[in-house]
Amino acid sequence: MKISIIIPVYNEKNTVEQLIQLVNKVPLDKEIIIVDDGSSDGTREILDSLKSQVDKILHHDVNKGKGAAIRTGLEAVTGDYVLIQDADLEYDPEDYHKLLRPVQKGWAEVVYGSRFTGEHRDMLFHHWVGNRFLTLVTNILYNTTLSDMETCYKLIKTDIIKSLKLRSDRFGFEPEVSAKILKKHIRIYEVPISYAGREFHEGKKIRWTDGISALWILIWYRFFN
């Protein structure tokens, strides 16, 4: 089973090289696909020096958003499963095997890594509230019991994620992909992962307006699409 790891990158010059090293250390049949989403801080130049360590590096001329970067990466994948990996070191690639175990056992085709059931660095209170609220809304609207809908670590069978016809450009990817998977009556398997959340002064990019957008996306795909 081959895993395609899509890493959307935007202005992560301080972490991207270390992240690629960590991903490469994980013993898996994998391909690493980097999508530089219009970085302007020197990230692109760092990536150019790391070409031999990854399988593909794709570029956006301007910043389009995480969802757009993932869609670009999906056009290039050749693996059986797709795994999303942020470049900011909040998530630990050593957890890949936790995500893969339910697939290898034949229990699931979609696996999410939950930040709230594993060991983690405390996140800011309003981030915690926002994540919990959006997950609760997801559970109510789609009749499920997720603990962490907004997690980055999503392992999805390639033919499933390609069938979803994703459209969101920014962080709306998370609620959109979850809503569309659940509307297909595909049950999501969750496993605990570690999490070291960073704060805005450390480069965190999501804003409160992305939470409003996520709420609307969940409602839209439940009732209007």
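Just so you know, this note's numbering puts 594 at position 180 of the sequence shown, and the rest follows in order with no gaps.
C-beta atoms are modelled at their ideal positions from N, C-alpha and C, and glycine is treated no differently.
Quick one: give me the first and last residue of the alpha helix (DSSP H) that residue i is part of.
{"i": "residue 595", "result": "587-597"}
{"i": "residue 439", "result": "430-439"}
{"i": "residue 583", "result": "Looking at the DSSP string, residue 583 is not in any alpha helix (DSSP H), and its letter there is neither H nor E."}
{"i": "residue 564", "result": "Counting along the chain, residue 564 falls outside any alpha helix (DSSP H), and DSSP gives it neither H nor E."}
{"i": "residue 578", "result": "No alpha helix (DSSP H) contains residue 578, which DSSP labels as neither H nor E."}
{"i": "residue 461", "result": "457-462"}
If you draw a straight line from the alpha carbon of residue i to that of residue j, how long is it in whole angstroms?
{"i": "residue 511", "j": "residue 488", "result": "22 Å"}
{"i": "residue 637", "j": "residue 480", "result": "25 Å"}
{"i": "residue 531", "j": "residue 505", "result": "14 Å"}
{"i": "residue 605", "j": "residue 509", "result": "9 Å"}
{"i": "residue 630", "j": "residue 575", "result": "21 Å"}
{"i": "residue 456", "j": "residue 462", "result": "10 Å"}
{"i": "residue 546", "j": "residue 611", "result": "15 Å"}
{"i": "residue 421", "j": "residue 524", "result": "18 Å"}
{"i": "residue 492", "j": "residue 633", "result": "33 Å"}
{"i": "residue 446", "j": "residue 498", "result": "10 Å"}
{"i": "residue 597", "j": "residue 562", "result": "17 Å"}
State the beta-bridge partners of residue i as determined by DSSP.
{"i": "residue 570", "result": "496 and 524"}
{"i": "residue 603", "result": "525"}
Note down, in chain order, each residue of its chain lying with its Cβ closer than 7 Å to the Cβ of residue i, except the 5 sequence neighbours on either side.
{"i": "residue 453", "result": "423, 424 and 425"}
Beta strand (DSSP E) containing residue i: first to last residue?
{"i": "residue 445", "result": "444-451"}
{"i": "residue 417", "result": "417-423"}
Which same chain residues end up closer than 8 Å to residue i when comparing Cβ atoms and leaving out the 5 residues on each side of it in sequence?
{"i": "residue 624", "result": "584, 585 and 586"}
{"i": "residue 467", "result": "434, 435, 438 and 446"}
Any heavy atom of the ligand FAD closer than 8 Å to the Cβ of residue i?
{"i": "residue 595", "result": "No copy of the ligand FAD occurs in the structure displayed, which carries no ligand at all."}
With a threshold of 6 Å on Cβ separation, who are the neighbours of residue i within its own chain once the five nearest residues in sequence on each side are excluded?
{"i": "residue 602", "result": "524 and 526"}
{"i": "residue 578", "result": "594"}
{"i": "residue 436", "result": "507"}
{"i": "residue 568", "result": "498 and 526"}
Give the list of continuous alpha helix (DSSP H) stretches no shorter than 4 residues that lie fully inside the segment 468-534. For the segment 468-534, whole alpha helix (DSSP H) runs of length 4 or above, ordered along the chain, are 480-488 and 510-518.
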